[in-house]
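Peer 1: I'd like to ask some things about the structure below.
Residue numbers (our numbering): 23 to 288.
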């Protein structure tokens with residue numbers, strides 16, 4: 023659960039009663055089960071568990087298959103829905119369409135955006151099981167500014183890339199290239215930790231000031247990356263799936279050089 027003041031304040035009302043539990047750790051499931059099982063805890067089971075299988079802005083933290091399954095089992099035990107937020111990590115970024123493909127998981131709702139728009143056009147959608155969505159009549163859940171036509175065209179074209187495995191094979195090759203470059207950084211600097219899956223990778227440099235300096239140096243050389251995670255200590259790499267190999271290699275060269283310069287000066 024997240025309650026950064028600059029984020030929660032945007033709601034316009036206090037977001038109170040927030041509890042923090044470690045992401046992806048068995049202790050979280052144990053504590054939640056104990057709390058919801060205890061009638062004297064004062065906590066009722068939630069309507070739904072909303073989770074990112076891969077935390078993106080949280081620092082590219084990857085939940086294990088076992089942990090996600092335990093979370094789904096916990097939700098079923100207490101009659102709660104399971105919602106997977108695959109907005110950043112979905113739509114082919116990890117080498118399969120959903121970031122949790124192949125794990126045997128069956129969420130009730132899947133949230134998609136970003137990559138679903140194809141070329142960056144604004145589009146988002148929820149995939150909902152029919153039995154969960156049955157209270158909506160056709161056309162009932164709508165709004166004035168929804169259904170942007172260019173986004174539907176771009177999104178439809180993007181889906182056509184998944185009619186065969188060629189794009190996912192390309193993603194696997196590019197992911198290996200990315201991983202090779204950043205793993206070399208981790209081998210060179212003991213304080214650097216690499217996390218990621220497919221073409222979403224986090225370079226944890228252990229310090230928000232270092233990450234900020236790396237981001238700034240990359241920007242000055244024509245490369246856009248961002249800092250995320252606790253204290254902004256993780257440099258996140260999330261390039262287009264269709265990035266040309268020459269551009270990808272140039273970007274990685276800039277990142278590696280910028281990171282080395284900042285780490286050596288630290």
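Yeah, the Cβ is synthetic: ideal placement off N, Cα and C, and Gly gets one too.
Just grab the DSSP bridge partners of residue 135 for me.
Peer 2: 146
Peer 1: Which two residues bound the contiguous beta strand (DSSP E) that contains residue 69?
Peer 2: It is not in any beta strand (DSSP E) - residue 69 carries neither H nor E in the DSSP assignment.
Peer 1: Any beta carbon of chain D sitting closer than 8 Å to that of residue 277?
Peer 2: The structure shown contains no chain D; it holds only a single protein chain.
Peer 1: Residue 111 and residue 104: beta carbons closer than 8 Å?
Peer 2: no
Peer 1: Thinking just about the alpha-carbon of each residue, which of 117, 69, 247 is nearest to the one in residue 194?
Peer 2: When 117, 69, 247 are compared, the shortest CA-CA separation from residue 194 is found for 117.
Peer 1: Would you call the CB atoms of residue 150 and residue 106 closer than 8 Å?
Peer 2: Taking 8 Å as the Cβ cut-off, residue 150 and residue 106 do not qualify as a contacting pair.
Peer 1: Along the chain, where does the beta strand (DSSP E) that runs through residue 106 open and close?
Peer 2: 103-107
Peer 1: Could you have a look at residue 278 and say whether DSSP puts it in helix, strand or coil?
Peer 2: helix
Peer 1: Is it true that the segment 204-224 meets the segment 165-174, where meeting means three or more beta-carbon pairs spaced less than 8 Å apart?
Peer 2: no
Peer 1: Helix, strand or coil: how does DSSP classify residue 35 here?
Peer 2: The DSSP-derived three-state label of residue 35 is coil.
Peer 1: Any idea what DSSP makes of residue 209, helix, strand or coil?
Peer 2: helix
Peer 1: Please report the Cβ distance between residue 70 and residue 102, rounded to the nearest whole angstrom; I am assuming they are in contact, meaning their Cβ atoms lie under 8 Å.
Peer 2: 6 Å
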